[in-house]
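J.:
Number of protein chains: 4
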Amino acid sequence: MRIKVGIVGVSGYGGGEALRLCATHPAFELVYVGGEGSVGQRLVERYPGLGKIGALTIEKWEPANLPKLDVLFASLPTGQSKEALARVPASVKVVDIGGDHRYVEGWAYGLADVWPDEIKGASRVANPGCFPAATLAALAPLLAEKLIEPHNIIIDAKTGVSGAGRGGGETTMGYGEVNEDLSPYGLLKHVHMPEITKTIDRISGAKSEGLVFTPHLVPMTRGILATIYAKGKVTTERCMEIARAFYAERPFVRVTDKPPHTKWATGSNLVFVSYACDPARNLVIAMGACDNLGKGAAGQAVQNANIITGHAETLGLEGATLWP
Amino acid sequence: MRIKVGIVGVSGYGGGEALRLCATHPAFELVYVGGEGSVGQRLVERYPGLGKIGALTIEKWEPANLPKLDVLFASLPTGQSKEALARVPASVKVVDIGGDHRYVEGWAYGLADVWPDEIKGASRVANPGCFPAATLAALAPLLAEKLIEPHNIIIDAKTGVSGAGRGGGETTMGYGEVNEDLSPYGLLKHVHMPEITKTIDRISGAKSEGLVFTPHLVPMTRGILATIYAKGKVTTERCMEIARAFYAERPFVRVTDKPPHTKWATGSNLVFVSYACDPARNLVIAMGACDNLGKGAAGQAVQNANIITGHAETLGLEGATLWP
Amino acid sequence: MRIKVGIVGVSGYGGGEALRLCATHPAFELVYVGGEGSVGQRLVERYPGLGKIGALTIEKWEPANLPKLDVLFASLPTGQSKEALARVPASVKVVDIGGDHRYVEGWAYGLADVWPDEIKGASRVANPGCFPAATLAALAPLLAEKLIEPHNIIIDAKTGVSGAGRGGGETTMGYGEVNEDLSPYGLLKHVHMPEITKTIDRISGAKSEGLVFTPHLVPMTRGILATIYAKGKVTTERCMEIARAFYAERPFVRVTDKPPHTKWATGSNLVFVSYACDPARNLVIAMGACDNLGKGAAGQAVQNANIITGHAETLGLEGATLWP
Amino acid sequence: MRIKVGIVGVSGYGGGEALRLCATHPAFELVYVGGEGSVGQRLVERYPGLGKIGALTIEKWEPANLPKLDVLFASLPTGQSKEALARVPASVKVVDIGGDHRYVEGWAYGLADVWPDEIKGASRVANPGCFPAATLAALAPLLAEKLIEPHNIIIDAKTGVSGAGRGGGETTMGYGEVNEDLSPYGLLKHVHMPEITKTIDRISGAKSEGLVFTPHLVPMTRGILATIYAKGKVTTERCMEIARAFYAERPFVRVTDKPPHTKWATGSNLVFVSYACDPARNLVIAMGACDNLGKGAAGQAVQNANIITGHAETLGLEGATLWP
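Order-wise, the sequence lines are chains X, U, Z and S.
So that you can map any letter, position 17 of the first sequence is 7 in the numbering used here, and since no number is skipped, the others follow by simple counting.
So that you can map any letter, position 196 of the second sequence is 186 in the numbering used here, and since no number is skipped, the others follow by simple counting.
So that you can map any letter, position 248 of the third sequence is 238 in the numbering used here, and since no number is skipped, the others follow by simple counting.
So that you can map any letter, position 164 of the fourth sequence is 154 in the numbering used here, and since no number is skipped, the others follow by simple counting.
1) What residues of chain S sit near ARG10/Z, judged by a beta carbon separation below 9 Å?
2) Run the CB neighbour count on VAL94/X, radius 10 Å, all protein chains shown included, and call it buried at 16 or more, exposed below.
3) The segment 252 to 272 of chain U: which residues have C-beta closer than 7 Å to a C-beta of chain X, in chain order?
4) State the DSSP-derived secondary structure class of ARG234/X, mapped to helix, strand or coil.
5) Which parts of the segment 151 to 238 of chain X are runs of the alpha helix (DSSP H), unbroken and 4 residues or longer, counting only runs that do not cross its ends?
6) Of all the CB atoms in chain U, is at least one closer than 8 Å to the CB of TYR3/S?
7) Can you find a CB in chain X that lies within less than 8 Å of the CB of LYS148/S?
8) According to DSSP, is PHE63/Z helix, strand or coil?
9) With a Cβ-Cβ cutoff of 8 Å, do ALA123/Z and ILE109/Z count as a contact?
10) Buried or exposed: which applies to THR161/X, given that a residue is buried once 16 or more other Cβ atoms fall within 10 Å of its Cβ?
11) On a Cα-Cα basis, can you pick out the residue from TYR37/U, ILE43/U, GLU26/U, GLY39/U that is closest to ALA64/U?
12) For a cutoff of 8 Å on Cβ pairs, would you count ASN142/Z as touching chain X?
13) Alpha carbon to alpha carbon, how far is VAL29/S from VAL292/S?
14) What residues of chain Z sit near PRO38/S, judged by a beta carbon separation below 7 Å?
15) Select from LEU101/Z, THR47/Z, GLY5/Z, ASP281/Z the residue whose C-alpha is nearest the C-alpha of ILE297/Z.
16) Name the residues in the segment 160 to 189 of chain X whose C-beta lies less than 7 Å from a C-beta of chain Z; which are they?
17) In chain order, which beta strand (DSSP E) runs of at least 3 residues are fully inside the segment -7 to 22 of chain S?
18) Between the alpha carbons of LEU75/Z and MET210/Z, how many angstroms are there, rounded?
19) Please name the residues in the segment 190 to 215 of chain X whose beta-carbon is closer than 7 Å to at least one beta-carbon of chain U, in chain order.
20) Can you find a CB in chain U that lies within less than 8 Å of the CB of GLY25/S?
21) What's the C-alpha gap between THR14/S and THR217/U?
22) Is the CB-CB distance between ILE214/X and THR189/X below 8 Å?
23) Put ASP107/Z into one of helix, strand or coil per three-state DSSP.
24) According to DSSP, is ILE144/Z helix, strand or coil?
25) Please identify the residue among PRO53/X, THR256/X, ARG212/X, ARG92/X whose C-alpha is closest to the C-alpha of GLU73/X.
26) Between which residues of its own chain and ARG156/Z is the CB-CB distance below 8 Å, once the five residues before and five after are set aside?
27) Please report whether the beta-carbon of THR47/S lies at a distance below 8 Å from any beta-carbon of chain Z.
28) Give me the chain Z residues within the contact set of PRO249/U, using Cβ-Cβ distance strictly less than 7 Å, ordered along the chain.
29) To the nearest angstrom, how far is it from the Cα of LEU307/S to the Cα of THR125/X?
30) Quick check: ALA147/S and THR204/S, are their CB atoms within less than 8 Å of each other?
31) Would DSSP call THR125/U helix, strand or coil?
32) Assign SER152/U to one of two classes, buried (16 or more other C-beta atoms within 10 Å of its C-beta) or exposed (fewer than that).
33) Does chain S have any CB closer than 8 Å to the CB of SER28/U?
34) In three-state DSSP terms, what is ALA266/U?
35) Relative to the C-alpha of LEU283/X, which candidate in THR149/X, ARG114/X, ASP103/X has its C-alpha closest?
36) Short of 8 Å Cβ to Cβ, which residues in the segment 275 to 294 of chain S face chain X?
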């Protein structure tokens, strides 16, 4: 029997990617799509490349009036989901792709490649942000094995335009301005910092200090890369080995000898991690690259939905990277 | 029982896309990948985003030494497949993504959305070129119904960089040169012209004259668009209606009211067609847009392989467009 | 003595490019910048790369309150300049980069490479649109020499995003949507058609019929290309020869043997034209490529301002193309 | 009297940009262009947008056979200029845009915004690399004033494709591979590291340790950004103030409150620097952005040539940024 699935926020990039993944998911049946802006529109008008589910009509988003659902994916603008999702019936499991429920009581933090077991029983999952997803995939093995210090970690992160999104506010997204441009933004105050800090603390078992996080906007549509500078007297080889062991059972994380490319992950739920160390200088460079809409949003959300509905976590996510 | 499949030419864009599609095809089992340049390399080294089939090793391409195969996809440079494919055992069905066997005796022309029936029984299929695929999808219904004259058709075509490919020869493909640039090339002598002419003749039942074909290189990776100017006293509505009827049973062709966008098709086997007419001026503008590596190459090739092996033509091709 | 110059509409792309050109123009002194939206802002806040003139403050645009000016460049949204520019004192010469005064009585049509002489005495010049600029540069010599028929000319035009601009209305300009996409728009009804038709008529001395104009949006910031299909029994060589003679005294038009690239013109006032003919088929393909903000807007505007103020037309426009 | 100038290496990006700048330089007369590959070709065939100097013919590069020159710009591949430039007559001043003479005895290091005085008397100038140019502009004021420690500086640098160039070797530059991709390269071993270290040492007067330099390739043609993490108990405001004082007489360096954008500098010799500090954490983030072919190569080379020939350093470099 197929799982009945709904998506709210289908006109954003994250919701749109959830739509694409649900369209071919063998165990999911999409029965509801909700929104604010485009109510009454058929999906295929917004997404001309959709198959059968393109016939669905966008309904007015009202948590009290949902059809019978097993799982709801929410991809709402920051600040708009707390009150609304609280009114979703308890019988409906929720994966929140947005940022409002990360490290909120009653919500499992859906870092599926690190803590899959605790997601299993959850009925409310807060999907990690795109920057945390790329960053933590690279850091988790080293923190867990105490190969690096949890303090004073510097994350120099770079995102394509679909990741910086509309909520960023500090940067315009017009083609003429973004194309052939590169810049840092949100210095020392990006909204993703607390999420990253809390997760570092939890994995390392320490109260970390001094996290630095600098996002950059890159002229490309998809892709996110975190280049991370940490302190540790460890070799490149040891980091690779530890990471390979840590992720041995995790199908979506790939540890690579070469520095990762974001394009290796485009359209997939993969995340690539690699390391370069100089123990003489107490230096570890950890790198994580993924598709900000895949592992950084809807891909991980579907993985989480698979886990909480008792399916193989890879179901519907086997598609290889689109290349070139 | 799964179909045993091989691909030769996996380091090119067309072969790479065939790889991606075979990786998740439910009825195909990829058992052989051949090439010239990267023999001995594991696939995953070239394509880090591949799943299980990434473990395959690229073997030296030698048609006499193939393993037991049901279907071979060939994606070889122009001029390199005639002799070699002639030596592939008759028991192996061949879909040639390259251009050497189009309108060659003994080879079915794989325009799968127009003549699916005659492909069915074939064991040798010549896949259409990317420009013909976009062009003919738009023209076929009008020619078949004699709504336009087959003569003096002007095709102004635009392709992304992966379509102009290495065989083009006249244009360099370096990022610094191609980015933020646009230009026509191959004026009045492009290699795809005879293929288009022959197909127009066959659909229309006439000996057409005066075809004009002008390709342009556009700074994007994937996507191909044909804007076609033909003569006919017919309304836009009638063209739409005729095209919708013509393609009623064809899952990959979408007739749209709005002018098509190449991005509607990225990563899929879809082709979008639309029309704008001015009967007072005897003018029909027909438009066709697709992914040059999808419907324009590997997507159509997999569709053809589905047809000749007795599967539903959509099998393994249900993936929705990657957007944005 | 330097010419006192003002620009209204500095926050748009056309006004911004006028600013860049005036910044280093040896005979122009920029003394006024006006706008609606950013009144009070210093120019350098919007354009951090400006030199000395960056210190100017954007003033509220009010034609009755202008400082003493010799020339005013206007780059206002369509529909907003007719009433306002009528109130500019007669002592101020005006070059309207916008579209409201093309073929309006009392305004010279500033196609500077075709009719420089009649611009000379004008005090009101309507600058040609970007599509007309690229198109007419290629067509003018052939029409003037009657090498092609003025009827049934088909213009397949392609523009970068800064050319389709905000006035286009039919297409969104967000990076995620535009990047890696290509599509036609404004089919059979684009606003530039009457301007092109009137100019064709004037050059050819005939009342032309059946013009077809199809613009396309291309994922690049600058650049415009017109690929034009016309009827004429003339050789490629003859077209080249005639064009070279026609433009012998015109420093900004280059007739090239190879099909033109938009990138050859980036940042300059150049326009490149070329031809490919098949007299046996009565076919002439004419091509014109330029920077939509250069020859297609502000470059030509400065050329026109040079002409009406008695300077060499090349003054301040000698900068070579930015490449790559 | 105009300075007679030659350029060797005109087919590369750096040499091409030197060409563009010399084309309109009011005091330079380009009389010689040399190369290896395209001998006998007229410049305009490679650079269709060039003006008068396009008539020059590329001559076989042979230092013993130069015409009478005042200044020679050399932009040769790494490793090819040491022997050759040693044979240039002493009467010809040389600015080496390539990397072979940085910190070589007898060659001034041309960091023109930091040490203009010592360049003045030189007849051999080694132009800084593009990464050093962006990095050192941001660091110099802080190092000079000892606001930051010279040790353990982390430089996370990002470059457009024209900067990573052909010499990089580790990354391919094909459009299909580079577009929509982002990746680090040359980890812990990039060729620019010694140059940066030596300059840090010289400015700070200390022997620095532990420099980390991580370049990234970004899908854009021009632009380079260095995001630098250093240690110092200083406020953002103090860094800004110090930098503004340090560069008070330097026309090409702009200290900005907002994080810099590479696009602010496109086509110009400008470099933008900014700072964000957290003294409580002993953290300084310094940022530098420029055009890798401007301040990062040919722009700075022309500035150096101005200085050694006794001209104003801004001569011929006044052009404002190309935007958008």
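All residues carry an ideal CB built from backbone N, CA and C; glycine is no exception.
T.: In this structure, then:
1) What ARG10/Z touches in chain S: GLY309, ALA310, THR311, LEU312, TRP313.
2) Exposed is the call here.
3) Here the close residues are TRP254, ALA255, GLY257, SER258, LEU260, PHE262.
4) Correct three-state label for ARG234/X: helix.
5) Within the segment 151 to 238 of chain X, the complete alpha helix (DSSP H) runs of at least 4 residues are 151 to 154, 165 to 168, 183 to 194, 226 to 236.
6) Contact with chain U is found for TYR3/S, since one of that chain's Cβ atoms lies less than 8 Å from the residue's Cβ.
7) With respect to chain X, the C-beta atom of LYS148/S has a partner C-beta closer than 8 Å.
8) Under the three-state reduction of DSSP, PHE63/Z is assigned to strand.
9) No.
10) Low confidence applies here, because THR161/X scores a pLDDT of 47, under 50, leaving its location unreliable; read the following figure in that light. Under a 10 Å Cβ-count criterion, THR161/X is classified as buried, with 16 or more other Cβ atoms of the shown protein chains found around its own Cβ.
11) Of the candidates TYR37/U, ILE43/U, GLU26/U, GLY39/U, the one whose C-alpha sits nearest the C-alpha of ALA64/U is GLU26/U.
12) It does not: the Cβ of ASN142/Z has no partner Cβ on chain X nearer than 8 Å.
13) For VAL29/S and VAL292/S, the distance between alpha carbons rounds to 24 Å.
14) Contacts between PRO38/S and chain Z, judged by CB atoms closer than 7 Å, involve ARG244, THR246, TRP254, PHE262 in chain order.
15) For ILE297/Z, the nearest C-alpha among the options comes from LEU101/Z.
16) For the segment 160 to 189 of chain X, residues whose beta-carbon sits nearer than 7 Å to a beta-carbon of chain Z comprise MET163, GLY164, TYR165, GLY166, VAL168, ASN169, GLU170.
17) If we require 3 residues or more, the beta strand (DSSP E) runs fully inside the segment -7 to 22 of chain S come out as -7 to -2.
18) For LEU75/Z and MET210/Z, the distance between alpha carbons rounds to 32 Å.
19) Within the segment 190 to 215 of chain X, the qualifying residues are THR211.
20) Chain U, which has no Cβ nearer than 8 Å to the Cβ of GLY25/S, makes this no.
21) Rounded to the nearest whole angstrom, the C-alpha separation of THR14/S and THR217/U is 41 Å.
22) It is not a contact, given that the beta carbons lie outside the stated cut-off.
23) Here ASP107/Z sits in helix by DSSP.
24) Three-state DSSP puts ILE144/Z in a strand.
25) Looking at the Cα atoms, PRO53/X is the closest of the given residues.
26) Low confidence applies to ARG156/Z: its pLDDT is 48, below 50, so where it sits in the model is not reliable, and the reading given next is rough at best. So the qualifying residues of the chain are GLY2, PRO67, MET163.
27) For THR47/S, the nearest beta carbon of chain Z is not closer than 8 Å to its own beta carbon.
28) Correct list: SER173, PRO174, TYR175, LEU177.
29) Cα to Cα, LEU307/S sits roughly 42 Å from THR125/X.
30) Yes.
31) In this structure, THR125/U counts as helix in the three-state DSSP scheme.
32) That one is buried.
33) No, no contact with chain S.
34) Here DSSP, grouped into helix, strand and coil, assigns ALA266/U to strand.
35) Nearest of THR149/X, ARG114/X, ASP103/X to LEU283/X, Cα basis: THR149/X.
36) Interface annotation for the segment 275 to 294 of chain S against chain X: ILE275, MET277, ALA279, criterion Cβ-Cβ distance under 8 Å.
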